[in-house]
Structures are given as C-alpha cells and as structure tokens.
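Have a look at the structure below, then the notes.
2 protein chains.
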Amino acid sequence: PIYTIWAANTNLGKTLISAGIASSVLESQNPSQFHYIKPVQTGFPSDSDSLFVFNRVCDLFLRRRAEFSLVASNHVVKVSDAAAKEVNGDYEERKVGGVMGFGEKRLICRTLCAWNEAVSPHLAVEREGGGVEDEELLEMVEKCLWMGVEGEEKSECWSLIETAGGVASPGPSGTLQCDLYRPFRIPAVLVGDGRLGGISGTISAYETLKLRGYDVVAVVLENHGLANDGSLLSYLQNSLPVLVLPPVPQDLSDDLMEWFDESHDVFASLKQIMLSAFSERVKRLHDLQKKAGDILWWPFTQHQFVPKEKVTVIDSRCGENFAVHKADNGDVMTQQFDACASWWTQGPSASLQIELARDMGYAAARYGHVMFPENVYEPALECAELLLEGVGKGWASRTFFSDNGSTATEVALKMAFRKFLHDNEAIVDISDQNAEKSIEFRVLALKGSYHGDTLGAMEAQAPSSFTGFLQQPWYIGRGLFVDPPTLYMQCGKWNIQLPDELSEGHQQEDLIIHGAGGMYMIDPLFQRILVRECQRRKIPVIFDEVFTGFWRLGVESAAELLHCTPDIACYAKLLTGGIIPLAVTLATEAVFDTFMSDSKLKALLHGHSYSAHAMGCTAAAKSIKNYKDEKKNPNLTPDGRALKEIWDAELVNKISMHPQIKRLMVLGTVFAVELQTNGSNAGYASTIATSILQKLREDGIYARPLGNVIYLMCGPYSSPTTCSQLLVKLYHRIDEFHKSNSSSGL
Amino acid sequence: PIYTIWAANTNLGKTLISAGIASSVLESQNPSQFHYIKPVQTGFPSDSDSLFVFNRVCDLFLRRRAEFSLVASNHVVKVSDAAAKEVNGDYEERKVGGVMGFGEKRLICRTLCAWNEAVSPHLAVEREGGGVEDEELLEMVEKCLWMGVEGEEKSECWSLIETAGGVASPGPSGTLQCDLYRPFRIPAVLVGDGRLGGISGTISAYETLKLRGYDVVAVVLENHGLANDGSLLSYLQNSLPVLVLPPVPQDLSDDLMEWFDESHDVFASLKQIMLSAFSERVKRLHDLQKKAGDILWWPFTQHQFVPKEKVTVIDSRCGENFAVHKADNGDVMTQQFDACASWWTQGPSASLQIELARDMGYAAARYGHVMFPENVYEPALECAELLLEGVGKGWASRTFFSDNGSTATEVALKMAFRKFLHDNEAIVDISDQNAEKSIEFRVLALKGSYHGDTLGAMEAQAPSSFTGFLQQPWYIGRGLFVDPPTLYMQCGKWNIQLPDELSEGHQQEDLIIHGAGGMYMIDPLFQRILVRECQRRKIPVIFDEVFTGFWRLGVESAAELLHCTPDIACYAKLLTGGIIPLAVTLATEAVFDTFMSDSKLKALLHGHSYSAHAMGCTAAAKSIKNYKDEKKNPNLTPDGRALKEIWDAELVNKISMHPQIKRLMVLGTVFAVELQTNGSNAGYASTIATSILQKLREDGIYARPLGNVIYLMCGPYSSPTTCSQLLVKLYHRIDEFHKSNSSSGL
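One line per chain: the protein sequences are A and B, in this order.
Under the UniProt record's numbering, the first sequence has 102 at position 102, and the numbering climbs by one with no breaks.
Under the UniProt record's numbering, the second sequence has 209 at position 209, and the numbering climbs by one with no breaks.
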C-alpha cells in the first residue's frame, strides 16, 4: 500500500499520525517494511519529521516489547546550505527489540529536501536557495517508492508520503502540493481539525483534494469535545470513516508514549482501513478488466479482437498522460502518452485540466441544467462571443449549439438547404405543391471524408466501409463526391498526388481527410478554388472543422490556411478542451435570415436538450481563451497566430526516408505515416499497424491504428521535446518491425 | 450592493472587516444606508458581532469628525433562552457626529438568531434549544435585505451578511453555511489567512465557495510577513484582488482605532472593488439580454417572436428554481420554478446538485478525457452496471454510449437492422450482390411520436411540422406509422380515444407521445400487444425511453407499465440528472452477438468522441443511485418501486372540469392540459397558451408551451406541496384567461 498523508489547517501534526500508522503496520504479522517519505521539510534540522517517526517508532517497539526486531534508518538526502550548517550527518540507523527467531522488520525514513527556516517551502527556497523543480522532486519520490520493494508482496510493503503544511500549501517551486503530487494520484489520508471551526477547514481541505481527483480513504482528527466527527460523517454521508484520536498532551517534554498507547486501537483501525482500501482498489482495477468485455459495447470495435487481457484499464489522466493499471506487472500504474489525443479531442495541459475541473464544479453548482431557447446565461453568451471573435471572425455572426460533430453537421446541412432555396428562388418555386418532390438536394463533398455517424451526416460522405448495407442500410449517398489532389511527404520531399478525375462542386472542406483508413492532406489551393466557385454560383459552403478546429493544424481555424471563409462551419472536439461534449454550428447572418419569418414553422426546428449547456460553454470559453494565451501556451508563435513547429523537422525527414514508410504527413499537432503493405493488407480493416502499436505501448505511448496508417497527435500545449521522444520511439519500432519482417521474408 | 463575508479558518475576525467596510461606505458621499446582518451568533451576548460593528463604526465617525451625522441601530431579533438570561434589551440606537446641513447616514445592525455558548451553531441548538429551520432563517435574512430600501438607488444601499465560523461551518440546522445561503448566491468577500499554512486554508475555502457556485470578488488577509498574498494572486492568476491589512494588535484592551486608521486606505480600496463588482455584475446581466438576440441562434425558436425584452436572463439555478434577473423591476433576482423541467431533463434537488458539482470537479480532475474503445475506467463500468441492474434489468446485457437521444436512436436503429437481417436470414440473402438493393427497411412507429432531430431518427417519425421539406428536405419517412388509442381525462373521468384506423407493427414505443403539439398517453395494453406481436414475428423492438426513462412517469422504466421488455432501448435526459449530456442504447446479448465476426467491418462502426465520457458516466451513476435511494428521495413508495402521487388528485379533478380545458393527462412527474381552442389555433404552431404562460412567470413559474398544450413537469424529488401550489396557480391563470376571453367574446 502507498498512501499520502495530507492535512487541513490543524494543530494536530500529520507526523504523529504517520508514526502511529508506521508502528501499527510494523507491529502486525505480515508487513515487512515501511517507507516513510518526507519530500519537503522546512525548519530543519530542529524540525525533522522523519527523525521524529524514526525515534518514536523505535521507542514504541522497545516499549511494547515487540517479538520482531526492528531495523530503522533515517536518511536526509538533500539539504540547503543554511540547513547543512547545523547538521552533523545524513544517515542514522538503529536496531531495536525482538525475540530470537521472530525475524526482522524494516523502517526506512527519508527526508528528501530540507531547508532551515520554518516557513513555507517556496519562501525557504527564496530565502536560502536550494530550489528543486517539480519533476526532479517527483523523480526522487518515485525512486523511494519502489526502492527495495522488488520481489516483495505489494500488501507487505508500505509507503507513506507526508506532505508539508496544508493540502494547498506551496511546494519548493511554488506549485501547490495538491497539484505537485497529482501525477501519482496516490490515495490519501486526511488529518482533519477537531477544534472550533475545524469542520469547515476539514471539509474545504477534502474538497480541494477531490478537485484534484484524489481519493481520500479516511479522515483522522483529535478529540476537542466538539463532536466534529459527527458533522463530518454527515457531510461525507458515511462514505468514509472518520477516526477520533484522544487529545494530544500540550506539554512539549512529554514523549507521547502514553498517548500512543491510548491511541493504539485507533491506529490499528486506521491501518486496517488503509489495508482494506488498498486491496479493494486493486480488486476493483482487476474487476474492471474482467467485466468490461462482458457488459460494455465499444464504438468502432470488433469485440472478438479484444480478449480480456488486452483491455486497457485507465485509472486516471493528468495532462497528456494516462495512468494505466498493469495487472500483469505486479499491479503497478504506468504512464502512457495519449498519442491519439483521445480520438482527437484532448487539449489541456495538467494545469489547465485542474482549472477546468474547478470550473466544471462551479458551473454545475451555479447552473445545473438551464433552458436555452429564448433564454440567456453568461457562459452561453461568452462562448458564442469568443467563437465569433475567433474561428468565426470576419464571416460568422450566429452560434447554434448541439452535442457533437455529427449533429453539428446535420444542423449545417439544414441551414445550407434553406439558404440554397432562398438564394435560388428563381429556379426553385417551393410554393408549387409538386416542387418538393422534384427537388433533390445533393452535397458536393470530398471522397474519403467523414462527417459523423448519424444518417444525415453520413449521406454527405462518399460510400465507404462505414456506409455499407450491413452498417447503415438507409444510406443513399446524396452527394457528388470529388477525389481531391493530396499532399504528402516521401523520402524527405513533399509531393502532390493528383486524382484520376477532377470535377467541380460545393461542400464539405476538410483540410485533412481522416477516418477512411488514413490521414491525407488535401491541396489547399484546390479547396480554395472549389469554395470560391461554389460561392460564385450561390451554393452555400460548409467547413467541417470538427477535427481541424482549435489549433489542430497549427492555426485556430483551418480556414486561415485556405484563405477563404465559409457560409457555415461546424466545431466540436477540441472546442471544450476535450473535457465535455459540446458542438457548435456557426453561420453568417445571411444564412440566419433565411429562417426569419412570421411562422414558427419556418424557424430551425432542431435542438437538443442540452443545447448550450452551461458546463460545456464554460469549458469551451476557458479552453478557447487558454489555447491562444501566450502566457499559457508556450507553443504559440510571437504574433500568437500559429503554433510553432512541434515535430522536429530532421526527425520527420529521417522517418520519411525509411523503407517501411510509404508516405508521411505532418501539420500542426498531427503526424501520420502510411506503412508500406504488401497489397491486400491496406485500408481501414488493415491490421498491419497493430503490432507496432503494441510495442509503442511498452514505450509509454498510447496510440491507435487507422488501418495501415499510424498517427501521433499531440495537444496544443505539447512540448516539442516530448514530441521528439515520440518520434524517436516510433522510428525505432518501425525499424524493428521492418527488420523482423524482412528477415522473416528471407 | 449586497455581499456576504466568509472566512477561511483564520484568527482575523470577519467582523473587523465588516466594520471597516461599513465605515468606509458610510464615510463616502453617496451611500445613505448600510445594513449589517449577522444571521447566526453564538457566544452571545459576550460576543456580539453586530454590537461590535455598531460601536466601532460610531466611534470611527466621531474620531474622524465626519461631516455627515450617523444614526446607528443595533437590534437582536431572536435569542435562545440561555442567552436571553444575560441580555438587557434587544434594541439600541446612537446618533453621532455631523456638521449642520450635511445630512444623515444610517447604519442598521442586526443579529437575527443568537445562542449563548461559544460553539458551532448546530451544537448550540443541541445544547440550549432555539433551533431555526433553514427556510425560516433565509426568510429572516431576505426580509432584512430589502427592509427600508424602497425608493433608494441600489448603488446607495449596502447590505453585508456576515456568516459564522468558516465557509463550511454548520448553521443552526446542521446544514453547512455555504449550502444554506446558496439560494441567494450573493457575491462574496473572503477573509483569508496570512499566517503560516494560511495559503492552503484560504485556497481551500475559496474552492469550497466556487464548488457552491459563488462568485468571490476579493480576498482580504492580515499581514504576517509571509507574503501569502503573492501565492494567492498566483493561484488566482490575478483574476481577483487580494488585499493585505496591517497586523491587528493582540492587546484585547486596544480599541483598534489606530489600526482602523492605518487600514483606512485598504478598506477604501475594498469598498471601491465591491462597488465596481456590483456595477459590473448589473451591467453584465443587462448586456446578456441585449446581446443574446444578436448572436445566439436558439433551437426550435422563431427569433422574430423574441424581442430583446422578452429574453429571460438566468443568473443561476438551485435545485428546481431558476434565479431570473429582472432588469425592469429594479435589478432584482426572482425565483422561478422550472416547470418545463428544462426540456424534460432536470432532476436534482438542491443538495444533489451540489453533490453532482463536486463529482463533476472530481471526474474532470481525475480523468479529463479518456479513450473508451478497448479501454475501461471506473465510471463507465459503474454506469453500465447500474443501467443493466436498473432500467435494463431482466433483458439488457450491453451498454452502448452516445451523446443524446437522437444519436441513441440512430444507434438503436442500426442494431435493429442487423438483428433483423440475422433473424431473417432465410428471407434476406445478403451475400447476393443485388439483395441490398431490393431490401427496404421500414420501421413501424407511432404517429405523433418524436425520436430526435438527426435524419435517421427523423425517418422513424411520421410526417409532421418537423419533417417538412423546408425543415428537412432529405426526409422520406421510412416507416409504417400507426395511429394509437390514447388515454386522457375529461371532466374528472378517464377516457380512451380510438384512432380511425388500427394496424400492426414493430417499433418505437413511447408511453407518452410528445413533441407533436401535445402530450398524450398511449394505451399501454395496445403497446404491449404490439410489442409481443412484433417479437413473435422476429421483428426487433426498440423502446425510446429518452423522455420516459428514470422516473419521469413515476417508475424507473416505462417498460414496467407495459409489462413487457424490448430488444433495444434508448435513454438520455434524466440519465445524468440533467447535468451533462450523455445517452445510452441498451441491447440484449442476442442483438450484440449479431455484430460479432472475424471482420472489423461487421462491428458496429458508430461512435462519438465523447463515448462514455467520465464526467457523464459519473453524473449518471450518482443520479441513478440517488433517484431510487429512499433515504434521499422522499417521493418513493415504501417498496421503492414507484413514486407516490405527486399531483393532488382533487386539484387535478377540479382542473379537468374547467370549461377551458379540453382534456388532461397526468402521470408520474408530468401534468398536461390541452386548452379548448376555436379551431384554427391548435397544434404545434398555436400561440394560445402563450399569454397564460406569461402570467405564470409573474407567479414564479417558468413553463413553456407546446402549441395549445400547457404542461407542468417536476423532478423526481419535487414535493407534492410545491406541485399543488403550481396547480393552484395554473388553475387561477386558466380561469382568468377563460373569463377575459368569454367577456371579450360578448
């Protein structure tokens, strides 16, 4: 079991609780070792929590004449210069007690970083130096967690990390500790406050932990005769145990041995609670894998291909990384970079994720569900304004909300139909009763594009694996589908591939065709000509920016790359930072006007229960602003109009030269390679990429195949360094695959 | 301006700040009166915050030789017996200072409820009685807020409510104060903590307020030389001002006059911040109304019918009530009962809303966006399990997630098509290349039903206002549409209305037909026969439970009322408590099996980016459990299988007798009346109900029309008392309408 101990603002020391837990664990039969880790200590060396735990647990072992002997150590790893002056050594060991033949227990106490002044760590760093970056500190902690644990049963090794100050006290870098330790998401014990006012402080500290995605397994507090535990249990609806310790003697000379004796049973319960919570957690994670295949029905998934052991158990995400539970590897969590950007929707950095979480709590508490038609509330209007000033700038003036890209497309089509009728009244007389029957609307769309799964959206895509009779017997394919020229890189050079035939038309611009077994870049010039020609002919143009919108291609709107604007456009996916479903269809005022009438029946009679829901609009407003805030997004170019190059040009070049690579595409946050296949194993049903992707998961990269195409997709905040690491690993795995395939071909 | 002053756990008294604000406000030119309200005081009378404010402000007026004179009063409204023993009187008044001709200011201090012992209010009540219910306390506060304010400019009257203890300290009833005062959602000033550990306590308190939907306008703390304000500003990203007061003298005999002098400029800034925030808030609410009609595109709304002044500005919701901002009525907020249940999705009580808010923060922080296909995470599995044990019990074994009712229906259709093909292989040979062309799938559906706005879902509804050429030119209407027998109440008696023709079929069961201009109850027996006949003929049956699911009709699933089960069913709306979009399509294992194959192309190739998103599944799991928890839902019958009668039978009867009522329907949480019309003004486009609904808004009821049908829809937790009030008001307004129409007809 691994736990972190946190405190509300309280006079009850976390360290007392740590010592109590440690001695209770080490006194019991099974556990063989206990690691106590104090990553950050100020007021050192006069205050040293690890020394306190070390001494008290040894004393208790002696006092209680334990049958096991105890080998305890205390180690100080890194000390500021000011603190170092007062320190004599950095390691101490004691062996105490024990009856012959009963074996040995180990207590390993460590202070990782220490400063002299008894102030908040960030202030101590400011005043006496010795700063440590968040990542460095986390690496130090992680090293301790697994040190000497090899070969031991997980339930027999305990680690306890004690934080400094309150839950939201700053760490050495200034990052709040609740944010700092979040990547580990270790279950928590919360030391609450038994004093007057302590109910409030304890509840608030608990909520701060929950707002970071932590699980709290128990609350412990000191009895001050105010029955604070009752109020806390009521707040927690008995979902957590609240333990009460006897009052702590105020006399500083008291060695607390009697208090520990009095508290013995409470600590024994606490230990038991922690142990059960640990087992239940592991069991739950195991069960998830076992049950998932039995009751879930995954989208776009042939269940026969997913045996139980291949199901990925995701415990949590922090920024770009999933924490994946690996049952086969001793129940550890591994971090995997989400390289498919969660079906192309993932946006936030770790800190934006936490901000969004707080905003989601706020929006739900403030608004719950609010009706939208004929009403207005702040998030809906703010979101609409940001869209019109951003992706819709210069052309759009109306915002229609729906739930996903597919519905946004259906709405767009309905708008386009009406606009066409209006603009072409001369040729379409709808007052004629028979006119309806004789008009057949068709869209002009690009072959290979994909605009959603609902029937209306599907009708706007060319026949494909997704539209066949077995999938969608109602599909007709109501379009003229154009095969566009595409761009790709091959052996370090950009090429253009011309289609066999070229025709003209009006609808559905994707800068990248995706979905149909690949990701290809369509010639922007071709698209621009198409758009302008349609608009000249009074054919309304829809941009499907569900995938391309919000920096996916390195600019806020792909329209910027085409140098032309649509009449209608659809957005979803990155719109909310990937946190919550929401979609919008933007339109020009001219489109909107064609629905104005003195009859309700001419209004756009389309809507969803959650239209412009407050949480979605709140998330969208925050995300849209964050993506283009140069203080928050280090990837922005100085003028703030585009993302810098994220994928290292040299590495990209090198990959494009590899004989296993047929062609390659890179733009904005997207990098994709098409693998050479031997003929039949190409397209959406291809399985050739699967083995490479399995290997990449071992490298900590979670990617998904699109037939014989492998793509890596990062977020608007992803660092070029991280992306280079992805490319290096990918190159390595492709090369490995190529070599083993070539050799087996011999 | 009205504010509430809250505190993190801190030694800095909120009352000091209150006194500072009060004197700063009263010293300035414009404001004429200041109300200080202390709703809950313990340790009384030796502690009396209102007396402190009263005395200090008077003293400061004298000391500063203010030109205005001050008439100050202190009033104690309700005192526990134990406290009463020590009190001499409950009212005191002082008049101080002033130069002739400069006029008078008023300071009105009030303690509303006081207890003797200096403990948390809920403990004081336990120990010395004098309990006060939340609603009673809120009424007392509300009365004070508006007392003596008539005719005054809003910006010149100030009210400040000072809470007791910390943000989450219990009030007299045990309800946490942050929850207790939530219906008012008054902007907050937070007193933070400048001591060691104070950063954490202040941040946590701030987050507790945000998690209740409060807006904080400023943080104030005492300088302890630790620069806590810097860390707080960094956390707040400078979105809020953090003000620092000089250290408060610890000497209890100090009258603090010098400290107030030193703090003068800080309080002046704070007052200015509070004033600006107030004006900005009012301006923002005004702007919302002004801008909404310009840039939003509302669903199902003819914009020409919604002039600016008819736009409803919703500031927030708490449980079943919207807080609506009324600009025309002196910028007040009024509460309106959400009687359309927010397009039939609203579920939570006020306390469930806050729980859901915390869960939403947690889920976003823990998961952000996670990939679903081939993966599993706790909320997705828990939600699926609860569905299969609940609405899917006894028949369903697979859960497919999507975003809304419309997509859930499209998924259901795809499932049904495949199942039909599989079950009828003998008649459908799809290996035959030409078979596809010759098979034309049609659904059997009920006339007047509505299953969503996307094309596939629309194809399953009979021709209607929504499917016409102007709305959806691609609509064909791929069904056999049956006109079912319906049930309704008329003049106190239930009747059955038989359709002109009766035919047989297989698909889309709504217990209530909604959408098409009305809400009628369809004969359950008819539906059961239809279902059984279809299943006998191997025609898969889909239940559209998007509207009816989760207690809408008084039972968890409407299938319980039909006494038969489907092969596939769709759920959305109340699924998540109305907090966040999510939909599911449940299916039997037999349906699922028809997608198993060794080819990916035979899998169900349908999915949305947000499939089974963690926040949605978390909200659904919590809501499903809450609805049927008898400890939480007082409307459940003792066996927990149904809701008790919510609508008073006698009142319903009376309404059905009214000559303006054509017929009436009542079931579960739904009550609907069809108004008598004079022929032409019926159906979806009818406007007859509009004037009645406008009147109901003045009564605090937010309802929406469905043509000539008025419906009231409450949530699973709504109290029968509240619902009776709705019925009484409705009856009154219908009667009023009837009389004015009859007389105008004379």
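Note that beta-carbon positions come from the ideal geometry of N, C-alpha and C, so glycine has one too.
What you are looking at is a predicted structure, and each value in this text was computed from that prediction instead of being measured.
query                                                                                                                          : result
Under 8 Å between C-beta atoms of residue 585 of chain A and residue 412 of chain A                                            : yes
Distance, residue 324 of chain A Cα to residue 689 of chain A Cα                                                               : 21 Å
Residues sharing a beta bridge with residue 334 of chain B, DSSP                                                               : B:324
Start-to-end residues for the alpha helix (DSSP H) that takes in residue 362 of chain B                                        : 350 to 367
Per-residue DSSP class, three states only, for residue 266 of chain B                                                          : helix
Beta-carbon proximity list for residue 709 of chain B, same chain, < 8 Å, skipping 5 on both sides                             : 517, 518, 519, 672, 673, 674, 675, 689
Straight-line Cα distance separating residue 197 of chain A from residue 649 of chain A                                        : 59 Å
Residues of the segment 455 to 466 of chain B whose Cβ lies closer than 9 Å to any Cβ of chain A, in chain order               : 455, 456, 457, 458, 459, 465, 466
Through-space distance from residue 24 of chain A to residue 189 of chain A, alpha-carbon basis                                : 15 Å
C-beta neighbour in chain A for residue 569 of chain B, strict 8 Å                                                             : no
Spatial distance of residue 505 of chain A from residue 724 of chain B (CA atoms)                                              : For residue 505 of chain A, the predicted model reports a pLDDT of 41, less than 50, meaning its position is unreliable; a value from the coordinates is still stated below. Cα-Cα distance, rounded: 60 Å.
For residue 782 of chain A: DSSP bridge partner residues                                                                       : Since the first residue shown for chain A is 1 and the last is 746, residue 782 of chain A is missing from the structure and cannot be characterised.
Contact residues within the segment 363 to 385 of chain A, judged by C-beta distance below 9 Å to chain B                      : 363, 364, 365, 366, 367, 368, 369, 370, 371, 372, 373, 374, 375, 376, 377, 378, 380, 381, 384, 385
For residue 256 of chain A, three-class secondary structure by DSSP                                                            : coil
Contacting residues, own chain, Cβ-Cβ under 6 Å from residue 98 of chain A (five flanking each side not counted)               : 68, 69
Neighbour-count burial assignment, residue 183 of chain A, 16 or more Cβ in a 10 Å radius                                      : buried
Beta-carbon proximity check, residue 448 of chain B vs residue 570 of chain B, cutoff 8 Å                                      : no
9 Å Cβ cut-off: residues of chain A touching residue 676 of chain B                                                            : The contacting residues do not exist; residue 676 of chain B stays about 21 Å from chain A at best.
Same chain, Cβ closer than 6 Å to residue 562 of chain A, neighbours up to 5 away in sequence not counted                      : 524, 527, 528
Candidates A:130, A:26, A:270: closest to residue 156 of chain A by CA position                                                : A:26
Given 8 Å, three or more beta-carbon pairs between the segment 281 to 290 of chain A and the segment 306 to 314 of chain A     : yes
Distance, residue 704 of chain A Cα to residue 594 of chain B Cα                                                               : 25 Å
Endpoints, beta strand (DSSP E) assigned at residue 312 of chain B                                                             : 312 to 318
Contact belief for residue 622 of chain A with residue 359 of chain A at Cβ below 8 Å, rounded distance in angstroms           : 6 Å
Exposed unless 16 or more other CB atoms sit within 10 angstroms - verdict on residue 734 of chain A                           : buried
Pair within 8 Å by beta-carbon distance, residue 474 of chain A and residue 549 of chain B                                     : no
Per-residue DSSP class, three states only, for residue 657 of chain B                                                          : helix
CB contact below 8 Å: residue 274 of chain A versus chain B                                                                    : no
Any 3 or more C-beta pairs closer than 8 Å across the segment 169 to 178 of chain A and the segment 165 to 181 of chain B      : no
Three-state class that DSSP yields for residue 403 of chain B in the structure shown                                           : coil
Any non-hydrogen atom of the ligand NAP within 7 Å of residue 75 of chain A CB                                                 : This structure does not include the ligand NAP; it has no bound ligands of any sort.
Rounded separation between residue 145 of chain A and residue 4 of chain A - CA only                                           : 11 Å
Neighbour-count burial assignment, residue 732 of chain A, 16 or more Cβ in a 10 Å radius                                      : exposed
Sequence-distant residues of the same chain with beta carbon closer than 6 Å to residue 214 of chain A, five excluded per side : 188
Inter-residue Cα distance where the pair is residue 655 of chain A and residue 662 of chain A                                  : 10 Å
Cutoff 8 Å: residue 207 of chain B Cβ touching any chain A Cβ                                                                  : yes
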